[in-house]
Structures are given as C-alpha cells and as structure tokens.
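When the letters of the sequence shown are read in order and numbered with the numbering used here, they come out as residues 86 to 678. Read the structure below first, then the notes.
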Amino acid sequence: MSTTPDSFADLGLSETLLKTLTEIGYETPSPIQAQCIPVLLEGHDLIGMAQTGTGKTAAFALPLMEQIDVKLTKPQALILTPTRELAIQVAEALQTYAKNLPGFHVLPIYGGQSYTIQLKQLSRGAHVIVGTPGRVMDHLERKTLNLDHLKTMVLDEADEMLRMGFIDDVEWILERTPPQHQTALFSATMPEQIRRVAQKYLVEPREIKIKSATATVAAIRQVYWQVSGMHKLDALTRILEVEEDFDAAIIFVRTKTATVELADKLSARGYAAAALNGDLNQQMRERVIEQLKSGALDIVIATDVAARGIDVPRVSHVVNYDIPYDTEAYVHRIGRTGRAGRTGNAILFVAPREIRMLRTIERATRQPIAPLTLPSRADVTNKRVADFKEKVAEVLNAEGLDFFANIVSQIAEEQNVGAEEVAAALAMMAQQGKPLQIAGEDPRPAPAPSFDSRPRPGSFGERDERKPRFDRGDKPGFENRGERPRREERPTRAAPSGDMVRYRIDVGRDHGVQVKDIVGAIANEAGIESRFIGRIALYDESSTVELPAGMPGEAANALKRTRVRGVPINLRPDEGRQDSGERSFKKKSFGDR
Ligand code: AMP
C-alpha cells in the first residue's frame with residue numbers, strides 16, 4: 086500500500102466522478118487503480134496484470150467514462166469479457182459510477198439473451214457496450230453494432246477469453262475497430278498468445294503489474310472460508326461464536342458504507358461493534374480505538390486506511406470480510422492481530438472468483454492458508470449451551486440465591502410440578518434474547534477450490550455451490566471407427582465425470598466449425614463453464630456434444646437458438662445415429678494452447 090496515493094483526487098479524475106466515488110463509499114484507490122487511472126487518462130494503451138478483486142473494473146471504467154460524450158448516443162467504448170456473468174457485473178459497475186452522469190447509458194450484450202431485445206436496446210443508443218466476443222461479433226456482422234465512434238476498447242480477463250477459445254473472435258473484432266482508439270488489456274496471467282495480441286493491436290502500451298510483496302506472518306493462524314451456500318454475515322457470526330480464544334476482532338471491508346452497514350447489523354445481533362472509516366475525525370477515531378482497548382467494544386469494522394497502525398493487543402481475530410486488493414494490504418491487515426507476543430487469528434472470506442487472489446497471498450506470505458469448515462448448527466448450539474452452563478454455574482456460587490430458591494419452591498407447589506421443570510421454564514425465559522438453538526439449514530461444505538478465477542458451476546449458468554459438481558476423472562473416448570482424425574488433438578484435458586447426456590447439433594466440419602467454436606458458443610449461451618462440456622465429435626454436417634445431465638429448459642432453449650458460424654445449431658438429445666465420417670475428439674484444453 087505504500088505506493089498507493091491516499092486520494093482519488095490525486096489521479097486526475099473529474100469532480101463529478103470524485104463526488105460519485107465519495108457517495109458510494111470508496112475511500113482510497115486500490116493499487117491497480119492508482120497506477121492505471123493516470124496512465125489511461127493520459128491516453129496511453131495499457132496492459133494491466135491484475136485479477137478479480139484488485140479493483141481492476143474501476144481502474145479502466147473511470148478513465149473510460151471521462152472520455153464519453155453523453156450527447157453523442159453512439160458506442161464510444163467497447164469492453165469485451167469472457168462470460169455473460171462478467172459482462173453484467175462490469176455493466177452494473179459502470180452504471181453505478183455513472184450515477185451523476187445523467188443520460189449515460191451502458192448496455193451489456195451477451196449470448197443467451199434475445200436478439201430482439203438487444204436490437205431494440207442497441208437502436209436506442211448506448212455509450213458503452215460490454216459484451217461477450219461471440220455476440221459482439223454477431224452484431225458487428227449484422228451491422229447492428231457500429232464502432233465508428235469508438236474511443237476506448239477494453240479486453241477484460243484476456244487470459245480467460247483465451248482459455249475459453251474466444252481469442253480468434255477477439256482478434257476478429259480488433260481487426261474491425263477504427264484505428265484511432267485507446268486499448269486496455271487486463272489479464273491475470275500473460276500467456277504467449279495474449280502477448281502476441283497485445284503486440285499486434287496495442288500501441289506502445291504501458292505495462293502495469295501489481296507487485297506482491299513477500300512477508301512472513303508466523304505467529305498468526307490463517308484460515309479461509311470459501312463463500313458458498315450462506316450469507317457472509319451469517320457465516321461471520323457463526324464463526325465468531327465458536328472461535329476459541331475470541332476476545333476482540335477487526336473486520337475489514339472495502340467501503341465506508343460497508344463499515345457502517347456491517348456495524349449496524351452486528352450491533353443488531355448483540356455484538357458491541359462500531360465502524361471505523363475515513364469519515365471519522367481523529368478524535369472520533371481515537372475514541373473507537375480506546376473503546377476497543379477497554380472492552381467497551383469487541384468488534385471494529387474498518388477500511389484499510391482507517392485501520393492503519395492500530396495496535397490493540399486484545400485483538401484476537403482479524404476477519405477479511407472483503408478480500409484485500411493485494412498481498413501487501415493482506416499482510417498489513419492481519420498484522421493487527423497477534424500483537425504483544427499473543428497468538429493471532431486471521432480469517433479470510435474468499436468468493437469463488439477470488440480463489441486466485443488466495444493463492445497469490447499464500448505465495449507471497451509463503452504460508453498455506455487452511456480451509457475453514459463452517460461451524461454447524463450443532464457446533465453453535467453446543468457452544469451456546471456450554472456458555473449458558475458456565476453462567477448458571479457462576480450464579481450458583483453467588484450470594485442471595487435463597488430468596489429465589491424459595492420462589493422456585495412456591496411455583497413448583499402451586500403448579501404441581503418438580504423443581505426441574507420450573508428451572509427449565511426459567512432457562513427458557515433467560516435465553517429468549519438469544520436462543521440456544523439456531524434455526525435454518527447447514528450449508529453443504531464448499532468444494533476444494535481450483536485455481537480458476539471463476540466459480541465452478543454445478544448447474545447451468547448458476548453459481549449455486551450446493552448443486553452437484555463434476556470431477557475431472559478420465560472417461561474412455563468415443564469410438565473412432567477406424568478413420569484417422571483430420572485434426573490431431575492432444576488428450577490433455579480429462580472429460581468431466583458425472584451424468585452426461587449426448588446432444589446433436591446441426592453444424593459440422595463442412596461449416597468450417599472447430600471444437601473451440603462449439604465450446605465457446607455453448608459456454609456463453611448456456612453459461613456452462615467449458616470444463617463441464619464433455620466430448621465433442623465433429624461430423625461432416627453435424628456434431629455431437631456431451632453436456633451435464635439435468636439441463637434446465639431455459640438453457641436448452643437458448644442452445645436451440647444458438648448459432649455457430651452463423652448456422653443455428655438446433656441442439657437436441659442425440660438419438661444415437663452415427664454418421665459416416667464421424668470423428669470423435671476429446672475436447673482440447675484451452676489453457677494449453
Ligand atoms: P474488481 O476487482 O474490479 O472486481 O472489484 C472488486 C470489488 O472492489 C468491487 O465490489 C468494487 O466495487 C470494489 N472496489 C473497487 N475499487 C474500490 C475502492 N477504491 N474502494 C472500495 N471498493 C472498491
């Protein structure tokens with residue numbers, strides 16, 4: 086964080102955007118923002134090596150918005166993303182940053198959405214288009230998208246686009262953009278093909294990479310919970326309740342707004358909690374820290390800047406409720422615990438998309454961060470019962486019990502019940518503010534995370550972590566029927582196991598279709614991650630593709646209408662017909678090309 090300017094105002098952004106950032110609670114720029122925003126505002130092309138969670142969206146979105154002429158209702162910026170999910174997310178971010186730019190219009194376009202709606206929206210005029218490569222290509226071909234006024238082009242998660250087989254489409258689009266525009270390419274990694282694209286299409290790009298400082302944090306127990314199946318707030322309170330040695334905690338979030346919201350929610354659940362953010366003056370800030378020291382507060386919810394330098398020995402836990410932007414921030418955050426020779430605990434919440442950042446942190450701190458199993462309802466109940474018993478035991482030793490013992494005898498006599506039943510009724514009364522048993526279901530444990538930046542969908546187009554997911558166990562391939570495949574494919578990628586259904590589609594080699602075209606179209610239109618797409622067999626006029634069983638109607642319908650190379654694929658369950666000239670291929674690993 087040492088290289089990070091303290092203020093967005095230092096970066097050259099307009100008053101309008103600065104006002105918006107204050108309103109939405111962004112306190113300071115993240116490192117990638119601090120470095121990219123001035124470079125992009127100066128008009129340079131840029132290669133940003135950054136992954137999800139670093140704040141890269143605002144890093145390109147804010148400068149891009151400064152260039153938009155709202156009066157001109159033509160696309161002036163195009164952002165390409167590998168998935169529709171990301172397209173929507175980026176479009177939403179832009180819409181948020183545009184809250185003080187009346188008339189600003191951003192449009193996400195992606196596969197799976199009806200063309201009619203998209204055409205209507207396009208004809209109404211949008212300033213920024215955020216789209217997946219296939220659909221953008223389609224609109225360019227149909228001339229329903231015109232890039233004549235393009236000023237900025239962003240390739241977001243370029244390595245993911247490569248992995249999903251979209252790189253040819255991306256190049257096709259880049260070939261058709263007007264020569265005069267700024268291009269920014271963001272990628273977590275820099276495989277050779279991405280370098281090549283950058284060399285070919287970017288002009289003297291500035292390269293920005295967030296350094297990851299290595300540091301040791303020996304005295305601190307570090308664990309992470311992969312966010313799934315339960316709201317972060319519920320998970321947090323469960324964890325805090327059963328953590329051994331809990332005394333006090335600092336919880337880190339990203340925005341000022343979030344510090345206040347979380348402090349309110351925790352207070353409502355009975356915790357002595359308060360927010361600590363850059364809006365507090367020095368005196369108020371010191372007061373909060375004093376209260377944490379004295380025990381008047383047990384939890385402080387803070388932003389990175391506000392928590393700098395806090396030294397409160399009783400802080401037994403640091404919770405990274407929102408993942409930090411980089412490893413430096415992580416090390417700084419967790420250094421707030423384990424002070425004065427005490428042991429500390431650091432808990433990190435990681436969304437599936439942020440798994441890469443977790444691995445980066447592990448590498449930088451040279452320590453594995455162990456997965457944390459969320460306490461079950463029974464765990465929480467047991468802990469609450471144990472605490473309750475302890476309290477009762479304390480009171481049993483107190484003076485003045487005789488008066489109450491007498492009342493209990495009277496109740497027992499009047500109600501004609503035993504003292505035990507009276508005690509049970511009193512215990513029930515005593516726990517009314519905080520029931521000993523908690524309601525609701527236990528979430529299923531999250532799977533071991535992969536190095537992927539995206540969640541593993543167990544179902545089509547959803548992020549429901551509770552749905553079954555598929556392993557990567559090998560399965561025998563289709564029969565080759567003695568013919569030599571025209572295209573050699575290295576069997577580098579194991580097919581997904583689990584129940585698969587084979588479908589037939591009406592495009593094949595005669596249409597010039599390649600395996601990656603099919604993978605790309607299906608991945609985008611149905612929201613199925615490429616790794617869950619099984620074997621693809623290319624015939625001359627048609628092909629077959631294996632997809633996980635249980636495809637919902639919506640996805641199936643989207644795939645019926647999907648076009649590959651302009652031909653409707655008409656996806657339907659395969660009747661088992663085997664055309665002559667069939668070849669079967671194991672789907673290639675896109676990351677390996
Ligand atoms: P990204 O890495 O672009 O996906 O951003 C991750 C999250 O960080 C998003 O929820 C953003 O709203 C949030 N974020 C980005 N920049 C900032 C900032 N400077 N201050 C607070 N939150 C931010």
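We treat Cβ as the ideally placed atom computed from N, Cα and C, and that holds for glycine.
Quick one: what's V312 bridged to in DSSP? According to DSSP, V312 bridges with nothing at all.
Give every residue of the same chain whose Cβ lies closer than 7 Å to the Cβ of S92, excluding the five residues on either side of it in the sequence, and list them in chain order. T113
Just to check, is the beta-carbon of P193 closer than 6 Å to a non-hydrogen atom of ligand 1? no
When you compare each of Q180, F251, P456 to V649 by their alpha carbons, which one comes out closest? F251
For T237, the residue or residues it bridges with in DSSP: Answer is A162, Q267, bridged to T237.
Look at A357 and L382 and say whether their C-beta atoms are less than 7 Å apart. Going by C-beta atoms, A357 is nearer than 7 Å to L382.
Same chain only: Cβ atoms within 7 Å of F488, ignoring 5 sequence neighbours per side: none
Alpha-carbon to alpha-carbon, L318 and A643: 35 Å
Three-state secondary structure (DSSP) at L192? Judged by DSSP in its simplified three-state form, L192 adopts strand.
Buried or exposed: G597, going by 16 or more other Cβ atoms within 10 Å of its Cβ? exposed
How should Q284 be labelled, buried or exposed, when 16 other C-beta atoms within 10 angstroms of its C-beta is the threshold for buried? exposed
What is the DSSP secondary structure of M150, counted as helix, strand or coil? Helix.
Give the DSSP-derived three-state secondary structure of K104 in the structure shown. helix
What are the boundary residues of the beta strand (DSSP E) that includes F434? 429 to 435
Residue span of the alpha helix (DSSP H) that contains I590, given as start and end: Where I590 is concerned, there is no enclosing alpha helix (DSSP H), although the beta strand (DSSP E) it sits in stretches over 585 to 590.
With distances taken Cα to Cα, identify the nearest neighbour of T181 among K159, D154, A146. Among K159, D154, A146, the Cα nearest to that of T181 belongs to A146.
I'd like to check one pair, N430 with R306: are the Cβ atoms closer than 7 Å? yes
To the nearest angstrom, report how far apart R539 and A504 are at their CA atoms. In this predicted model, R539 has a pLDDT of only 35, less than 50, meaning its place in the structure is not dependable; the value taken from the coordinates is given anyway. In a straight line, the C-alpha of R539 is about 58 Å away from that of A504.
Buried versus exposed, by CB contacts within 10 Å (16 or more), V630: buried
Three Cβ pairs or more, each shorter than 8 Å: is that satisfied between the region 160 to 173 and the region 325 to 340? No, the region 160 to 173 is not in contact with the region 325 to 340.
Is T262 near ligand 1, with its Cβ less than 6 Å from a heavy atom? no
Assign S628 to one of three DSSP states: helix, strand, or coil. In the structure shown, S628 sits in a strand (DSSP, three-state: E or B).
Count the other CB atoms within 10 Å of the CB of E245; is the residue buried (16 or more) or exposed (fewer)? buried
Rounded distance between the beta-carbons of G423 and A334, thought under 8 Å: Contact doesn't hold; Cβ gap of about 13 Å is too wide.
Alpha helix (DSSP H) segment containing F488, residue limits: 486 to 500
Quick check: the Cα distance between E550 and R469, rounded to an integer number of angstroms? Since pLDDT at E550 reaches only 28, below the 50 mark, its modelled position is unreliable, and the value read off the structure follows with that caveat. Their Cα atoms are separated by approximately 29 Å.
H224 and H190: beta carbons closer than 7 Å? Going by beta carbons, H224 and H190 fall outside the 7 Å limit.
Can you name the residues that DSSP bridges to S272? M134
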